[in-house]
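To keep things clear, I will list the structure first and then write my remarks on it.
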Amino acid sequence: MSGPTLKTPSQGFGSGKLILFGEHAVVYGVPAIVAGLSRGAYAKARRLGSHMARLSLFDASTSPSRLLVRVERGQSDPLALAWHKILLEFSELDGVEVEVQLDIPAGSGLGSSAALATACARALSHLAHERQPAIDDPRVERAVAQAEGIFHGSASGIDQAASIYGGVFRFERDGGTGRRTNLTTSGLHLAICQAAPGASTATQVQRVRELLTRRGGSGQQLLGLVREVVQEAELALAARDWSALGDLMNINHGALGAMGVSTQALDHACHIAREAGALGAKLTGAGGGGCVFALTPSGADDVLDQWHAHGWEAFTVTLS
Ligand code: PMV
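In terms of my numbering, the sequence shown opens at residue 266 and continues consecutively.
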């Protein structure tokens, strides 16, 4: 299947995300540290002469890019429903076609759905107003929130914040929404690998909730540990103390294991990365499958070689 064919389209980008520290604990008010990635979703939109509203999603990791799915208004699967919600925000556009290139794995904790929604909404806003939307365009925010509501139910808002604003930030749940505080870091070199298909975030969150309810005091101690890890990680990021940051990733991964959300494959991928020279490694996101990332300040070649040898997709990112 060939890639996009749109002529002079309007464009939009949405960032993928990586939760560096604090997933799951963030549900209970502990801050998380999150990074928007320079990878994510790229959308191109153009008007159609008819009333048709079509969304095509391509996997950009293949050459030529491969069509994953195509949806139209009126279908009832989650992607089509989310697409419908985004279109409602831009209802002055009648006939429209959007093509999206996704260059992160879908459904594995890297925020692909929010990246897709942000890219689509930005491209549609560009088309409607004939200029790129402002970064905090309220129409884009509303469209992405509506789409995320379809994909994730009551999501914490981490993915949306990362997909729209990018950067490295502290995220705290604040009632129904989230508070985002930018953090400074530079030259943070990471390798990311998808070690298993992603699991349902809702199921994983419920699993942790049950454990914390069962265990009472020791569950609270676990949350306290993650809170301490996040505080120290903020200092380590600012100081570019990669050795400390690696230790803290390993500790946070251990806490996530204790919460019951790591798996044999995720643990294995972390061990392999550490043995190949990474300073630290942890799962990211809801767990039960999905991705791990490793801290590789002196280069990621050995880590990537080892992961690839196990048949896992992997790539590097630098956060600046
Ligand atoms: O859906 P994921 O894999 O990006 O994980 C979401 C992070 C959690 O802390 C587990 C849940 C949440 O809503 O914050």
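For glycine and all other residues, C-beta sits at the position ideal for the given N, C-alpha and C.
Pull up the CB-CB distance for residue i and residue j, whole angstroms please, since I reckon it's below 8 Å.
i: HIS289; j: LEU521; result: 7 Å
i: LEU381; j: ALA306; result: 5 Å
i: LEU330; j: GLN366; result: For the record, residue 330 in the displayed sequence is Ser; it is not Leu. Contact holds; Cβ gap of about 6 Å.
i: VAL491; j: ASN515; result: That pair is no contact at about 13 Å.
i: LYS282; j: SER451; result: Not really, about 19 Å apart at Cβ, beyond 8 Å.
i: ARG407; j: VAL361; result: Wrong, their Cβ atoms sit about 18 Å apart, outside the cutoff.
i: VAL292; j: SER421; result: 7 Å
i: ALA543; j: TRP572; result: Actually they do not touch by this definition, with Cβ atoms about 10 Å apart.
i: VAL363; j: LEU302; result: Going by Cβ atoms, the distance from VAL363 to LEU302 rounds to 21 Å, so no, they are not a contact pair.
i: ALA410; j: THR561; result: Not quite, the Cβ-Cβ distance comes to about 34 Å (not below 8 Å), so this is no contact.
Buried or exposed, going by whether 16 or more other CB atoms sit within 10 Å of the CB of residue i?
i: ASP368; result: buried
i: ALA493; result: A quick correction: the sequence has Glu, not Ala, at residue 493. It counts as exposed.
i: THR466; result: buried
i: SER527; result: buried
i: ARG396; result: exposed
i: THR478; result: exposed
i: MET524; result: buried
i: HIS349; result: buried
i: GLU357; result: exposed
i: ALA399; result: exposed
i: PRO403; result: exposed
i: GLY294; result: exposed
i: PRO274; result: buried
i: THR549; result: buried
i: SER563; result: exposed
i: GLN459; result: buried
i: SER377; result: buried
Assign residue i to one of three DSSP states: helix, strand, or coil.
i: PHE323; result: strand
i: THR561; result: coil
i: GLU497; result: helix
i: HIS402; result: According to the sequence displayed, residue 402 carries Asp and not His. Correct three-state label for ASP402: coil.
i: ASP506; result: coil
i: THR583; result: strand
i: PHE278; result: strand
i: SER483; result: helix
i: GLY542; result: coil
i: ILE284; result: strand
i: GLY555; result: strand
i: SER303; result: strand
i: VAL336; result: strand
i: ILE429; result: helix
i: LEU313; result: coil
i: ILE516; result: helix
i: ALA393; result: helix
i: GLU357; result: coil
i: VAL363; result: strand
i: LEU548; result: strand
i: ALA530; result: helix
i: SER464; result: The question names Ser, but residue 464 is Ala in the sequence shown. In the structure shown, ALA464 sits in coil (DSSP, three-state: anything other than H, G, I, E or B).
i: ALA308; result: strand
i: ALA371; result: coil
i: SER267; result: A caution first: SER267 carries a pLDDT of 41, below 50, which makes its placement in the model unreliable, though a value can still be read off. Coil at SER267, not helix or strand.
i: HIS573; result: helix
i: GLY422; result: coil
Based on the DSSP secondary-structure assignment, which residues constitute the bridge partners of residue i?
i: ALA386; result: For ALA386, which the question treats as bridged, DSSP gives no partner whatsoever.
i: ALA297; result: PHE436
i: HIS349; result: Beta-bridge pairing links HIS349 to no other residue.
i: GLY443; result: ARG438
i: LEU453; result: LEU584
i: GLU578; result: GLN459
i: ARG331; result: ASP324
i: ALA412; result: The partner list for ALA412 (beta bridge, DSSP) is empty, contrary to what the question assumes.
i: ALA318; result: VAL361
Hey, would you say the C-beta of residue i is under 8 Å away from at least one heavy atom of the ligand ATP?
i: GLY511; result: In the structure shown, the ligand ATP is absent; the only ligands present are the ligand PMV.
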